[in-house]
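This report refers to the structure that appears directly beneath it.
In the numbering used here, the protein residues as written are 419 to 531.
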(Lines of atoms letter the chains of each structure in order from A; the text may use other names.)
(Lines give C-alpha, C1' and ligand atoms only; values in the text may rest on other atoms or scores of the structure.)
Protein backbone atom coordinates (compact mmCIF):
# COMPACT_ATOMS: atom_id res chain seq x y z
CA UNK A 419 0.00 0.00 0.00
CA UNK A 420 1.12 3.57 -0.50
CA UNK A 421 2.95 5.62 2.07
CA UNK A 422 0.01 7.79 3.09
CA UNK A 423 -2.17 4.72 3.60
CA UNK A 424 0.61 2.94 5.54
CA UNK A 425 0.94 5.98 7.83
CA UNK A 426 -2.84 6.18 8.28
CA UNK A 427 -3.05 2.47 9.08
CA UNK A 428 -0.23 2.82 11.60
CA UNK A 429 -2.05 5.69 13.29
CA UNK A 430 -5.61 4.36 13.12
CA UNK A 431 -5.61 0.54 13.07
CA UNK A 432 -4.58 -1.04 16.39
CA UNK A 433 -4.06 -4.47 14.80
CA UNK A 434 -1.08 -3.24 12.77
CA UNK A 435 2.24 -4.02 14.47
CA UNK A 436 4.74 -2.17 12.25
CA UNK A 437 4.64 0.02 9.14
CA UNK A 438 7.04 1.00 6.35
CA UNK A 439 5.60 3.96 4.44
CA UNK A 440 7.15 4.68 1.04
CA UNK A 441 6.92 8.25 -0.27
CA UNK A 442 3.55 9.48 0.85
CA UNK A 443 2.12 11.45 3.78
CA UNK A 444 -1.57 11.52 4.73
CA UNK A 445 -3.35 14.81 5.22
CA UNK A 446 -3.89 15.94 8.80
CA UNK A 447 -7.66 15.58 8.32
CA UNK A 448 -7.16 11.80 7.95
CA UNK A 449 -4.86 11.23 10.93
CA UNK A 450 -2.15 12.63 13.16
CA UNK A 451 1.00 10.63 12.40
CA UNK A 452 2.63 11.83 15.62
CA UNK A 453 0.22 9.60 17.58
CA UNK A 454 1.64 6.38 16.09
CA UNK A 455 2.68 3.87 18.76
CA UNK A 456 4.21 1.12 16.59
CA UNK A 457 7.63 0.88 14.90
CA UNK A 458 7.82 2.83 11.64
CA UNK A 459 10.43 2.82 8.90
CA UNK A 460 10.04 5.67 6.38
CA UNK A 461 11.36 5.78 2.81
CA UNK A 462 11.33 9.07 0.88
CA UNK A 463 12.87 10.37 -2.33
CA UNK A 464 15.16 13.40 -2.45
CA UNK A 465 13.99 14.25 -5.98
CA UNK A 466 10.26 13.68 -5.41
CA UNK A 467 8.28 16.41 -7.16
CA UNK A 468 4.78 15.39 -6.01
CA UNK A 469 4.04 18.66 -4.23
CA UNK A 470 1.62 18.48 -1.33
CA UNK A 471 2.10 14.75 -0.86
CA UNK A 472 5.67 13.46 -0.72
CA UNK A 473 8.17 16.05 -1.84
CA UNK A 474 11.13 16.99 0.34
CA UNK A 475 9.19 20.15 1.22
CA UNK A 476 6.70 17.87 3.02
CA UNK A 477 8.84 15.06 4.42
CA UNK A 478 11.77 17.10 5.70
CA UNK A 479 9.60 18.98 8.26
CA UNK A 480 7.84 15.71 9.11
CA UNK A 481 11.06 13.95 10.11
CA UNK A 482 11.77 15.90 13.35
CA UNK A 483 8.11 15.63 14.37
CA UNK A 484 8.27 11.85 14.04
CA UNK A 485 11.65 11.69 15.78
CA UNK A 486 10.14 13.57 18.73
CA UNK A 487 6.99 11.47 18.98
CA UNK A 488 7.73 7.89 17.86
CA UNK A 489 9.65 5.50 20.09
CA UNK A 490 10.84 3.30 17.20
CA UNK A 491 11.58 5.18 13.99
CA UNK A 492 13.92 4.60 11.08
CA UNK A 493 13.91 7.32 8.41
CA UNK A 494 15.65 6.99 5.05
CA UNK A 495 15.87 9.17 1.97
CA UNK A 496 17.22 8.20 -1.43
CA UNK A 497 18.76 10.09 -4.34
CA UNK A 498 15.81 9.27 -6.56
CA UNK A 499 12.43 10.56 -7.78
CA UNK A 500 8.96 9.47 -6.63
CA UNK A 501 8.10 5.80 -7.27
CA UNK A 502 11.73 4.72 -7.43
CA UNK A 503 10.80 1.17 -6.33
CA UNK A 504 8.20 0.68 -9.06
CA UNK A 505 9.86 -1.50 -11.71
CA UNK A 506 7.49 -0.34 -14.46
CA UNK A 507 7.91 3.35 -13.67
CA UNK A 508 10.33 5.53 -15.64
CA UNK A 509 11.50 6.67 -12.16
CA UNK A 510 12.66 3.17 -11.17
CA UNK A 511 16.13 3.19 -9.62
CA UNK A 512 17.43 -0.34 -9.12
CA UNK A 513 20.09 0.49 -6.51
CA UNK A 514 17.68 2.53 -4.40
CA UNK A 515 14.96 -0.11 -4.76
CA UNK A 516 17.27 -2.90 -3.60
CA UNK A 517 18.58 -0.91 -0.62
CA UNK A 518 15.11 0.19 0.46
CA UNK A 519 13.69 -3.33 0.24
CA UNK A 520 16.67 -4.80 2.09
CA UNK A 521 16.10 -2.29 4.88
CA UNK A 522 12.35 -2.93 4.89
CA UNK A 523 12.69 -6.72 5.09
CA UNK A 524 15.21 -6.44 7.95
CA UNK A 525 12.90 -3.99 9.74
CA UNK A 526 9.91 -6.32 9.51
CA UNK A 527 11.98 -9.34 10.56
CA UNK A 528 13.16 -7.43 13.62
CA UNK A 529 9.78 -5.95 14.58
CA UNK A 530 7.39 -8.75 13.68
CA UNK A 531 9.40 -11.71 15.01
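Glycine included, each C-beta is placed from N, C-alpha and C at the ideal position.
These numbers were taken from a predicted model, which means no experiment stands behind them.
Taken atom to atom, the span from the alpha-carbon of residue 528 to that of residue 436 is near 10 Å. Counting C-beta pairs closer than 8 Å gives three or more between the region 452 to 466 and the region 515 to 530, which meets the contact rule. Residue pairing by DSSP puts residue 459 in a beta bridge opposite 492. When secondary structure is reduced to three states using DSSP, residue 519 falls in the helix class.
Three or more beta-carbon pairs drawn from the region 492 to 500 and the region 464 to 480 are found closer than 8 Å, and the two stretches are therefore classed as touching. In this chain, residue 464 is not harboured by any alpha helix (DSSP H), its DSSP state being neither H nor E. The beta carbons of residue 480 and residue 491 sit no closer together than 7 Å.
Contact check for residue 424 against residue 439 passes: the beta carbons are separated by less than 7 Å.
Across the structure, residue 494 and residue 468 are spaced so that their CA atoms are roughly 18 Å apart.
Looking at 420, 433, 426, the one whose alpha-carbon comes closest to that of residue 530 is 433. Between the alpha carbons of residue 516 and residue 466 lies a distance of about 18 Å. Excluding sequence positions up to five before and after residue 504, its CB lies within less than 7 Å of the CB of 510, all in the same chain and listed in chain order.
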